[in-house]
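Heads up: take any position in the sequence shown, counting from 1, add 5, and you land on the numbering used here. Beta carbons: idealized from backbone N, C-alpha and C, even for Gly.
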Amino acid sequence: MDKQHWSGLSYLDALRPEPGWKVERAILATYSADLIAVVASLLALAGLDDDRGSGSKVDFANAYEQLRDRVKILVQAGRLAWPGKKIPVLAILDRFIQEVTTDEEKSSWHPKAALVKLIDEDNRDTAWRLWVGSRNLTRSLDWDAGLILTGCVGGTGQSIPGIADLAAGLADLAGLRNFSKNEVRQEIEHLQWQSPPGTHIQALQLLTHHHGQRRHPVSPGNLKKLFVISPFIDGEMITNFGSWANDTTESYLLSTQRQLARLHKQSGQPLAAFDYILSLESPDTVDNGILPTSSVPEQAAEPNEDEEIEARGLHAKLVYAETEADQRVLWLGSANATARGWHGPNTEVIAQLTIDASIAEGLEVFLREIARPVDLANLTDADEEDAVEKQLEEARKMIVTRWQVIQKRHNTGPLLVATVTPHPKNKDIQLEVGLLACDLVVWPPRKKVLKLPPISKAQETELVQIRLSLGDYHVTWLQRAPLDPPPDEERDRHALARHLDPRTFLLWIRSLLNEDNAGDGGGDWDSVTPVSHQKSTVVLFNWWAPTLEEVLKAWTRNPDTLRVIDRKVQDYLKLMHDKDEVKKNPEVRQLLNEFESTWTVLHEVLIEEQA
Numbered sequence: 006m007d008k009q010h011w012s013g014l015s016y017l018d019a020l021r022p023e024p025g026w027k028v029e030r031a032i033l034a035t036y037s038a039d040l041i042a043v044v045a046s047l048l049a050l051a052g053l054d055d056d057r058g059s060g061s062k063v064d065f066a067n068a069y070e071q072l073r074d075r076v077k078i079l080v081q082a083g084r085l086a087w088p089g090k091k092i093p094v095l096a097i098l099d100r101f102i103q104e105v106t107t108d109e110e111k112s113s114w115h116p117k118a119a120l121v122k123l124i125d126e127d128n129r130d131t132a133w134r135l136w137v138g139s140r141n142l143t144r145s146l147d148w149d150a151g152l153i154l155t156g157c158v159g160g161t162g163q164s165i166p167g168i169a170d171l172a173a174g175l176a177d178l179a180g181l182r183n184f185s186k187n188e189v190r191q192e193i194e195h196l197q198w199q200s201p202p203g204t205h206i207q208a209l210q211l212l213t214h215h216h217g218q219r220r221h222p223v224s225p226g227n228l229k230k231l232f233v234i235s236p237f238i239d240g241e242m243i244t245n246f247g248s249w250a251n252d253t254t255e256s257y258l259l260s261t262q263r264q265l266a267r268l269h270k271q272s273g274q275p276l277a278a279f280d281y282i283l284s285l286e287s288p289d290t291v292d293n294g295i296l297p298t299s300s301v302p303e304q305a306a307e308p309n310e311d312e313e314i315e316a317r318g319l320h321a322k323l324v325y326a327e328t329e330a331d332q333r334v335l336w337l338g339s340a341n342a343t344a345r346g347w348h349g350p351n352t353e354v355i356a357q358l359t360i361d362a363s364i365a366e367g368l369e370v371f372l373r374e375i376a377r378p379v380d381l382a383n384l385t386d387a388d389e390e391d392a393v394e395k396q397l398e399e400a401r402k403m404i405v406t407r408w409q410v411i412q413k414r415h416n417t418g419p420l421l422v423a424t425v426t427p428h429p430k431n432k433d434i435q436l437e438v439g440l441l442a443c444d445l446v447v448w449p450p451r452k453k454v455l456k457l458p459p460i461s462k463a464q465e466t467e468l469v470q471i472r473l474s475l476g477d478y479h480v481t482w483l484q485r486a487p488l489d490p491p492p493d494e495e496r497d498r499h500a501l502a503r504h505l506d507p508r509t510f511l512l513w514i515r516s517l518l519n520e521d522n523a524g525d526g527g528g529d530w531d532s533v534t535p536v537s538h539q540k541s542t543v544v545l546f547n548w549w550a551p552t553l554e555e556v557l558k559a560w561t562r563n564p565d566t567l568r569v570i571d572r573k574v575q576d577y578l579k580l581m582h583d584k585d586e587v588k589k590n591p592e593v594r595q596l597l598n599e600f601e602s603t604w605t606v607l608h609e610v611l612i613e614e615q616a
């Protein structure tokens, strides 16, 4: 919710460490994700994002260095979106992404959560954050709701039932080194947690198919008010929640026109129990990525604030019950008001908490000022799903479920090897595949092995783009095809070296020495062309390159830090010399040689002699 209705933090604010703290480990859980939002999250976790939720190329490189092997993002297989343009450096994100595979015809990996362990860089104290809510790891501007909790040993706050099980469950799936489910559980069990003012957490749950028979919440009884907010609803759960209301209960149901129209036609009349039926636009997640083949993204005009609010869809999932005795209970999390969400078999995260009157009033203001009343008598039938879109979505789910494809390195180009052919049953649907930032290749039917075009070391990745086309429509997403052994740090260095021009590389080294920002940092992280300099290389090189004074200051502050920077210089300088733009530009080549000569002397004096 926005600040006029519920005060709170943005998702990126919830991830970002306070000054003097850094992320020790982090696990993000999401149903869907896009790689641009993944990078924004990594920049925030590293404390390097700007006010746009973005950063520079140097920021990207530093975030990677800080968070490598420390962060995992758990996402439903088949719901990792292709970014829409080729950004080769995104290949290295395969080390952060972990798919959770389910048959989406039956169940989904659907929790939205962020578990972050922080460490104080001075005294090595630890602290934890847990965010749970409804927001996916995408660039959506939909209305979402979330809850941020902070925990530490011996602090003020409360113990929270279920929080250790939730954290251990996420850790078990993530498989991060030195972050096992038992280690996490033992730490979490000793923490006291602070929640937002006006709240008290009664329970947290990670609901999985291992929970046996799951049940929806029990009414607190004798309700004065009931709010059910969900973008997706079904008759069973709306009937269950509606049964909480009595003749004097003021009851509200907020969903989307499409969902309300569908339930309005049901013979059981599940909507009848609610006094007020409200709607907002459908969330972005309803857009399944199926596009006309000829479509080209348009540059939209920047909306004003009122237009932005009007256009935002509903994605929050909340149930609020207020008793005649002024007990106020809120259920918040990832579960829609559907049997699949509450009873299973979806995996969901749910927080149950009590809230004070001011928070409840903020929720009521949102319902009254933002949501729109629905006249059931004039509610139009929901549009039928386009037949082609339906076929493509069914084919996508089938491929995701049966995707058993590995990748093998070969000197003529990578090979994709399938245990069973991944093709859809509909023979009219064409299947194309390719590595993340590479060209697509048609995968012929009944073939288990597909040869991809040759690639450089920098292009190696386990993330494969899959595209299905039928008639004038197509759908594209990313899925993992594992390599054995997996891509290593050498691949990462090649990818980063390709992404950084010589100027940006030297700015990066300079920022590490000075422990501060690097000017423009080489431009936006997702730019694939160097920043234009407008001055000659010679004039600017004195500002790009680290100075002797900066190196000596870094060594005086912390010799170990200089050793780390020295390893980066050794690793990346040769890769910089191998770049075409350096080979073709004698001026840049000479300047890199001069920097290398200077650094070699510093290495011999400050690193080797002090070892």
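- Ser474 places its beta carbon 8 angstroms or farther from that of Lys117.
- Membership of Trp513 in any beta strand (DSSP E) is not indicated; the residue belongs instead to the alpha helix (DSSP H) covering 507-519.
- By the neighbour-count definition (other C-beta atoms within 10 Å, threshold 16), Ser164 is an exposed residue.
- Annotation for Gln396: the continuous alpha helix (DSSP H) segment containing it runs 392-407.
- Taking C-alpha positions only, Ser139 is separated from Ile471 by approximately 27 angstroms.
- If you draw a straight line from the Cα of Leu231 to the Cα of Asn563, it is about 59 angstroms long.
- Counting only the Cα atoms, Lys62 lies some 33 angstroms from Glu614.
- Rounded to whole angstroms, the separation of the alpha carbons of Thr385 and Ala250 is 27 angstroms.
- For the options Leu567, Ala486, Lys589, the alpha carbon positioned closest to that of Trp604 is the one of Leu567.
- Ala45 is the residue among Lys430, Ala45, Leu50 whose C-alpha sits nearest the C-alpha of Gly58.
- With a 10 Å radius around the Cβ and a threshold of 16 neighbouring Cβ atoms, His214 comes out exposed.
- Val94 is the residue among Val158, Val94, Asp177 whose C-alpha sits nearest the C-alpha of Tyr69.
- For Arg84, there is no enclosing beta strand (DSSP E), since its DSSP letter is neither H nor E.
- Taking the Cα positions, Ile364 is about 16 angstroms away from Val233.
- DSSP, read as helix, strand or coil, puts Tyr36 in coil.
- Excluding five sequence positions before and after Ile355, the CB atoms of its chain that fall closer than 7 angstroms to its own CB belong to Gln210, Leu212, Trp336, Gly338, Ala340, given in chain order.
- Shortest Cα-Cα distance from Trp114 to any of Gln103, Val121, Leu120 involves Gln103.
- By the Cβ neighbour-count rule, Pro88 is buried, with 16 or more other Cβ atoms within 10 Å of its own.
- In terms of CA proximity to Asp55, Asp18 leads the group Asp18, Leu33, Ala82.
- Taking each of Leu40, Phe65, Ala34, Ala330 in turn and checking the Cα distance to Leu505, the smallest one comes out for Phe65.
- In the DSSP assignment, Phe232 falls outside any alpha helix (DSSP H) and lies within the beta strand (DSSP E) extending over 228-234.
- Excluding its 5 nearest sequence neighbours in each direction, Gln357 has C-beta neighbours in its own chain below 6 angstroms: Gln207, Ala208, Trp336, listed in chain order.
- In the pairwise beta carbon analysis, the stretch 431-447 is classified as not touching the stretch 517-524: fewer than three pairs are separated by under 8 angstroms.
- Shown here for Gly273: same chain residues with a beta carbon closer than 6 angstroms to its own, the five before and five after excluded, namely Gly240 in chain order.
- Counting along the chain, Glu495 sits inside the alpha helix (DSSP H) bounded by residues 494-504.
- Contact check for Leu50 and Ala31: beta-carbon distance about 6 angstroms, within the 8 angstroms limit, so the pair qualifies.
- Put simply, the stretch 23-40 touches the stretch 121-133. At least three CB pairs are less than 8 angstroms apart.
- For Trp133, the three-state secondary structure derived from DSSP is strand.
- Separation of Ile514 and Ala559 (C-alpha to C-alpha, rounded to the nearest whole angstrom) is 11 angstroms.
- In the three-state reduction of the DSSP assignment, Trp448 falls in the coil class.
- Of Val410, Ala502, Tyr478, the smallest CA-CA separation from Leu488 is found for Val410.
- By the beta-carbon neighbour count (other beta carbons within 10 angstroms, threshold 16), His428 is buried.
- By DSSP's assignment, His479 forms a beta bridge with Leu296, Ser474.
- When the Cα atoms are used, Asn187 and Ala173 turn out to be separated by approximately 7 angstroms.
- Contact between Leu259 and Ala376 holds: CB atoms are separated by about 5 angstroms, below the 8 angstroms threshold.
- Under the DSSP assignment, Gln412 falls in the beta strand (DSSP E) whose first and last residues are 410-413.
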